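Numbering (the numbering used here), first residue to last: 128 to 700. For every residue, glycine included, the Cβ atom is placed at its ideal position computed from N, Cα and C. What you are looking at is a predicted structure, and each value in this text was computed from that prediction instead of being measured. Notes to accompany the following structure.
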Ligand code: ARG
């Protein structure tokens, strides 16, 4: 249990003894001259129990144990205090050997996280990066809070792009077995590269938008795949695999690790079973099968959800519903989180309502759409390339790398330089992407975000380099914190006390900005300490050892939190 939680429990027990019932929060004090922390519970209790808050505060402080020092009450009933230094020192030395003492876990449960969502045979764009960065970090956050998670990329592997590509291949290589309706044998292996697919997709797109006949063919092929046409499905699955290798490479660069690499095609087998569950609620409308998902209390428009199209084909929604069916059957999760662009919020609202209404999920299964804002350019509009096109993720990565690379020390060369440039680039992107509240749009400023100073990924990595460099110069032994009389040391430890709340708040609000803020504050406090104190040259051996122990602790926290954000550290830069 974290130190603050333990102390909060202590105070809660005191309240019980006094005949009150209330959760207690220990907060950093807003008036530091009165103490490091404050408790505001007396005011809340006063309202409920119709008493004077000062009297309640007085009753409480009479029972506080020895770990609470310099206790005082400020009117109307704020309890201010400071923790006993030895008690803090003991706690942090325990943390050094058992990191879990720093973090309060959540109740055990299983959460499926659906993020990534790249589309096969199409380039990832910057929106996919947000889903990947936020989703991966939430996944790792859940894990350190003791939650069992299953991550699924939910690849968009069926759509118009299938028809586009196959129509183009048909044009270029009409003699391939896939295009012979009478072909009986095994289908050949095609040998395109992801780059070929990209080029063919562009060509097909241009042709189809200028030629209605070609567009009909594209639609026709897409529909045939949906119906399970053996020839086209065999070809398309190969194309999906080819494209997946390059999609995987991008996710690897972003440190995204998916437990399940499944997609819309994988849900096909579950469509009939899902429809069986939805059947009592489906009705025909203009030839399509739809479901009402309106509530009487709705104030906004809530159109019926189309489950099967007029031509009998499945759509995005069909596949999501079938996927929910499969996830419930296989994993019986307590929650499913969808980290997908906010623009899909109406869609997810419909899907969720349909799932609860038809009992595709249990009453207490929690389905969340975790939307996110867009990444804008300096003009406030969605981030575009210089010539106004959609910004592909790989172009954005290259752009940042160009800004970062020249900043790395000259003496670092070759593959090490390349590796460091890559890590700094990803750190820049991730930190920028996670630091604003999930729902807000933000302006992408490559110069500001890649700075080695300020609220940036590189600043955190730089702090890590500094810590590591000092620690590499000291003899290996079991260092203990023994002295926190230095205010800069104490401030670091007080910040660390907040960590558990920061993590749990991030989890509850499903937004990583509390963690990015915490990291920045921690690094700033450490750098301030470092600039004003010399660790290695400290004459007093006890103080020096205590400093080293503190540095080890800060490094450990930094490493663990960067790992939650899926940011890799570097040894120099
Ligand atoms: N492929 C979709 C897109 O690019 C995102 C998929 C999100 N996940 C889901 N289960 N619908 O918009």
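- In this structure the segment 638-658 does not touch the segment 183-193; the number of beta carbon pairs closer than 8 Å is below three.
- Residue 466 has 497 as its beta-bridge partners, per DSSP.
- According to DSSP, residue 502 shares a beta bridge with 569.
- For residue 349, the uninterrupted alpha helix (DSSP H) run begins and ends at 339-353, by DSSP.
- Residue 450 has its Cβ nearer than 8 Å to a heavy atom of the ligand ARG.
- For residue 237, the enclosing beta strand (DSSP E) has its first and last residue at 237-241.
- Residue 183 and residue 201 do not touch by the CB rule: their CB atoms are close to 14 Å apart, not below 8 Å.
- Taken through DSSP and simplified to helix, strand or coil, residue 279 comes out as strand.
- For the options 253, 454 and 664, the alpha carbon positioned closest to that of residue 516 is the one of 253.
- Assigned with DSSP and collapsed to three states, residue 209 falls in strand.
- Assigned with DSSP and collapsed to three states, residue 461 falls in coil, not helix or strand.
- Rounded to the nearest whole angstrom, the C-alpha separation of residue 663 and residue 596 is 11 Å.
- Taking a cut-off of 8 Å on C-beta distances, the segment 458-471 touches the segment 491-499, as three or more cross pairs fall below it.
- For residue 441, the secondary structure class from DSSP, reduced to helix, strand or coil, is strand.
- Counting only runs that start and end inside the segment 371-437, the alpha helix (DSSP H) elements of at least 4 residues fall at 398-405.
- Residue pairing by DSSP places residue 154 opposite 165 in a beta bridge.
- Secondary structure at residue 308: coil, using DSSP grouped into helix, strand and coil.
- Here residue 152 has 135, 166, 167 and 168 as same chain residues with Cβ atoms under 8 Å from its own Cβ, once five neighbours each way along the sequence are excluded.
- If you check the C-beta of residue 246 against the ligand ARG, you find a heavy atom less than 8 Å away.
- A distance criterion of 8 Å places the beta-carbon of residue 471 in contact range of the ligand ARG, judged by its closest non-hydrogen atom.
- No heavy atom of the ligand ARG is found nearer than 8 Å to the CB of residue 398.
- Judged by DSSP secondary structure, residue 601 falls outside any beta strand (DSSP E); it is assigned neither H nor E.
- In the three-state reduction of the DSSP assignment, residue 247 falls in the coil class.
- Boundaries cannot be given for residue 694, as no beta strand (DSSP E) includes it and DSSP labels it neither H nor E.
- In the three-state scheme derived from DSSP, where H, G and I count as helix and E and B as strand, residue 193 is classed as coil.
- For the 9 Å CB-CB criterion, residue 247 and residue 283 form a contact.
- In this structure, residue 400 lies near residue 452, with their beta-carbon atoms less than 9 Å apart.
- Burial of residue 642 is indicated by the presence of at least 16 other C-beta atoms within 10 angstroms of its C-beta.
- Runs of the alpha helix (DSSP H) lying entirely within the segment 504-581, each at least 4 residues long, are 520-531, 541-562 and 573-576 in chain order.
- Not one heavy atom of the ligand ARG falls within 8 Å of the beta-carbon of residue 629.
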